[in-house]
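Presented below is the structure to which this report refers.
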Amino acid sequence: MDASSLRISKFDGTNFHAWKFKMQMVLEERDLWEVVSGEIKAEQCETQLDQATYKRKSRKAMALICLAMEDSQLPLVRSASGACDAWSRLEDHFEKKSLANKLFLRRRFFTTMMEEGDDVLEHINKLKTLAEQLEAVGAPVCEDDLVITLLGSLSDSYQFLITALESRSDTLSWELVTSRLLHEEMKRKEQGSKGDEASQGQAFITRDNQRKGRPVKKSWPCHNCGKIGHWMAECPSRIQENTERHRPQRAQDSGDRYRSQRANVAQEEDSGDYLFSIGETTSAKSSDIWLVDSGATQHMTCSKKFMRNYKGFDAVDVHLADDGIVQAIGSGDIVMSMKTPQGMKKGVLTNVWHIPKLSRNLFSVGRFTKDVGPVTFTKDGCYGEAKGTKWKIGAREGKGLFKLQMTPVAPEQANAAKSSGCQGGTKSYLWHLRLGHIGHDGLNCIVTKNIGIGIDISSVKKWDVCEGCALGKQTRVRFQSNTTARTSKLLEVIHSDVCGPMSMATFSGKRYFVTFIDDKSRYCVVYLLKSKSEVAAKFMEYAAMAETQTGKRVKYLQSDNGGEYKSDKLARFCAERGIQQRFTPPYTPQLNGVAERMNRTLVECARCMMEHAGLGKSYWGEAVMTAMFLRNRCPTRAIHQDKSPYQVWTMKKPILANLKVFGCHAYVQVPQDKRAKFDSKSSLCRFC
């Protein structure tokens, strides 16, 4: 008994549905299916003869199943106790009833399209197979959806038949529709018509050309699509593109509705091979090629050489378009360089999945649309859009194939992306990140003068260029500082300024922030605002908090001439509390330098942390509040003391032992009342 006697191809991990049916037929033919399916169980065998017969059939069925599988699939059933157990393991593995598997199959079912010239029977069988696979995973498709999907997936040359079927008064059944389609295809073959004609009108054009004496083109390729058998003016692809370009949008048309969801599976022109199918490599440097994929739910790469903040995780199955399964083993961020109307810019692809067996890198249109902005496809390429700016991100390489026009930027050091956050093997860089990208001198002051509690380094070593600082802190020239008389008591002078509006609102809808800085301690308090009109209310809140904590009274409020500081509400409050307002002359922000410089410091710190963490701009509020917390606990030359603002304000040393890098991954425990018995006890989040 060998595999060749089975007359079925060995199972290699793809197209389990077809192999399963063939294998069942083999087992039925050899009277072994009842043992494999569990119709007869060992417990039901009462006599020794029945038990011996059951064991013999089980061993024989097990041998047949194993011989019909490739070596790579044998580990799935090698430890099975019998044929029934082995069959159940295969079904559980390849017909998972998970939400992800159902979503994958349903998307393939509703986006499978028939191209001009495709065989109708093959297309019908493809949809029917997908429907059976959905039923196997517990997501059956009703007959109406099956019929609607079939009609909506047909090529344009069948639109007349679709219209005729829709005009029928009786219900369209699957048998009726498929029989009419097969009959139509048979008539076309008998009449010698091409299956790739775009419409009946195209046949009239062809006949007109022939009547005018134009020869039938049989041996020369078309200059538009490259296929043989027609002239460029008669090319179905060209006519279809022109028709779709001038066709109005019809939200209720089932064919247009489903056709608009195409390109979930990217294919190379005329090859039929899926671009992200499993393979060794089909060309050199395939790991450097990025393809734009509208069906991928995540950015995916086969190499981690460009990844930063890399973090491994338990293997996750990823379904491919050829029914194969590969595994993602980690994720990270990749900095991409791209050409925009404003010149070369850098952007970050976050949470890129690492899949070693992937033959091409995939750029997810859905993820980019969610994180950045919409993507549009044209005849010559695809374009990204954000903040009113549109730039080309991909060039057309073939039919439905777009190659990404972005270049990944290699990390400056090989281990810069390790999850520990260390660079060059030093802890100094880690504390540089934990303290919001503090400078070398500031960190050295904390360590040598014992300003903070919990720092586990005895000396500060120089680190290489920090990319977050390079992207977030670079300036042209440094402002010259003016020496002014300093106050001697807390709350004598409060400096304030509003920063905003920001281009992106926070998750709570805030677009501004206001700072209040005590002149003596330089202790800063930040409030996020939806509008500038909230400044008066926030100053009242700040004054109450500060006076309660320090036991002092606010004497002066220094700000610019902005209307938010000249409101009647704020003027009445200051008059009632005996607070004098100081306004700087118009167009002289230098005279409000304390608040202006603090805003710049907070924004730079926040930008550095977001750049390093690869977080979107919507996190600017969390980043600014974190920057405020950290800057209050770091030394500043403005105090002229070996103390931090927090220490001057509270007379206590800050505790720094619990600081973590902004944006790093963290696990938060889910309260017992909010989870079921076997739910995960923690959830993965980002530290902000």
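Every position in the sequence shown, counted from 1, becomes a number in the working numbering once 59 is added.
Don't be surprised by glycine CBs; every beta carbon is placed ideally from N, CA and C.
Neighbourhood of residue i by C-beta distance below 6 Å, restricted to the same chain and skipping five residues each side
i	result
Tyr705	Asn691, Arg692, Pro713
Phe26	This structure cannot settle anything about residue 26, because the visible part of the chain is limited to 60 through 747.
Gln657	In the sequence on display, residue 657 carries Met and not Gln. The answer, listed in chain order, is Thr574, Ile576, Cys583.
Thr230	none
Gly673	Asp392, Val407, Thr409
Thr437	none
Glu663	Gly531, Lys532
Leu650	Thr643
Pro645	Asn620
Cβ pair residue i, residue j closer than 8 Å
i	j	result
Val375	Asp392	no
Leu616	Ala595	no
Phe372	Gly389	yes
Leu193	Leu164	yes
Val179	Val206	no
Lys449	Gln464	no
Val95	Ala142	yes
Thr466	Met395	yes
Val727	Cys744	yes
Lys370	His76	no
Val653	His499	no
Ala120	Leu86	yes
Gly495	Leu689	yes
Arg493	Lys719	yes
Gly5	Ala716	In the structure as shown, the chain begins at 60 and stops at 747. Residue 5 is therefore absent and cannot be evaluated.
Leu135	Lys116	no
Phe632	Met604	no
Lys248	Ala198	no
Ala127	Tyr113	no
Ala469	Lys364	yes
Ser238	Glu175	no
Residue burial classification, residue i (beta-carbon count within 10 angstroms, cutoff 16)
i	result
Cys201	exposed
Phe721	buried
His671	buried
Ile221	buried
Tyr748	Summary: the structure shown does not reach residue 748, with the chain confined to residues 60 through 747, and so no result is reported for it.
Tyr601	buried
Phe80	exposed
Glu655	buried
Trp78	buried
Phe510	The displayed chain sequence assigns Ile, not Phe, to residue 510. It counts as buried.
Phe168	buried
Arg132	Note that residue 132 is Gln in the sequence shown, not Arg. It is buried - the Cβ of Gln132 has at least 16 other Cβ atoms within 10 Å.
Ile497	buried
Met84	exposed
Thr695	buried
Cβ-Cβ separation, residue j to residue i (assumed contact under 8 Å), whole Å
i	j	result
Met687	Tyr678	With 8 Å as the limit, Met687 and Tyr678 do not qualify as a contact, their Cβ atoms being about 15 Å apart.
Asp577	Trp708	7 Å
Tyr442	Val434	7 Å
Phe461	Leu379	Actually they are not in contact, since the Cβ atoms of Phe461 and Leu379 sit about 19 Å apart, beyond 8 Å.
Ser214	Met245	Contact doesn't hold; Cβ gap of about 17 Å is too wide.
Phe572	Val585	5 Å
Own chain partners of residue i with C-beta closer than 8 Å, once the 5 adjacent residues on each side are dropped
i	result
Ala606	According to the sequence provided, residue 606 is Glu. The question's Ala does not apply to it. Leu550, Arg612, Val613, listed in sequence order.
Ile414	Met359, Thr360, Cys361, Val377, Val385, Gln386, Ala387, Ile388
Lys548	Lys579, Lys611
Ala797	Shown here, the chain extends from 60 to 747; a query on residue 797 therefore has no answer.
Ser517	Val506
Asp738	Val729
Ser313	Confidence in Ser313 is poor, its pLDDT being 37 and thus under 50, which makes the residue's placement unreliable; the coordinate value appears in the next sentence. Excluding sequence neighbours, Ser313 sits near Ile207, Leu210, Gly211.
Lys446	Gly432, Ser562
Met397	Met403, Lys404, Lys405, Gly406, Trp450, Ile452, Gln464, Met465, Thr466
Glu191	His76
Leu588	Val557, Gly559, Lys569, Arg570, Tyr571, Phe572, Val573, Val594, Lys597
Ser626	Ser592, Val594, Ala595
Nonlocal neighbours in the same chain, by C-beta distance under 7 Å from residue i, ignoring five residues either side
i	result
Ala665	Trp679, Ala682, Val683, Ala686
Gly72	Ser131, Gln132, Gly383, Ile384
Val519	Ser487, His499, Leu502, Asn503, Val506
His152	Leu135
The segment 140-149 contacting the segment 183-199, beta-carbon criterion three pairs below 8 Å | A contact between stretches requires three or more CB pairs, one per stretch, nearer than 8 Å, and the segment 140-149 fails this requirement with the segment 183-199.
Three-pair Cβ contact test at 8 Å for the segment 355-362 versus the segment 404-421 = Because the criterion of three Cβ pairs below 8 Å is met, the segment 355-362 and the segment 404-421 touch.
Determine contact between the segment 65-74 and the segment 94-108, defined as no fewer than three beta-carbon pairs at a distance below 8 Å.
-> In short, these stretches do not touch, since the Cβ pair count stays below three.
The segment 556-574 / the segment 518-532 touching (three or more Cβ pairs under 8 Å) | Touching, no, given that fewer than three Cβ pairs across the two stretches are closer than 8 Å.
Answer yes if the segment 488-496 comes into contact with the segment 446-455, meaning at least three C-beta pairs across the two stretches below 8 Å, and no otherwise.
-> Not touching, per the Cβ criterion.
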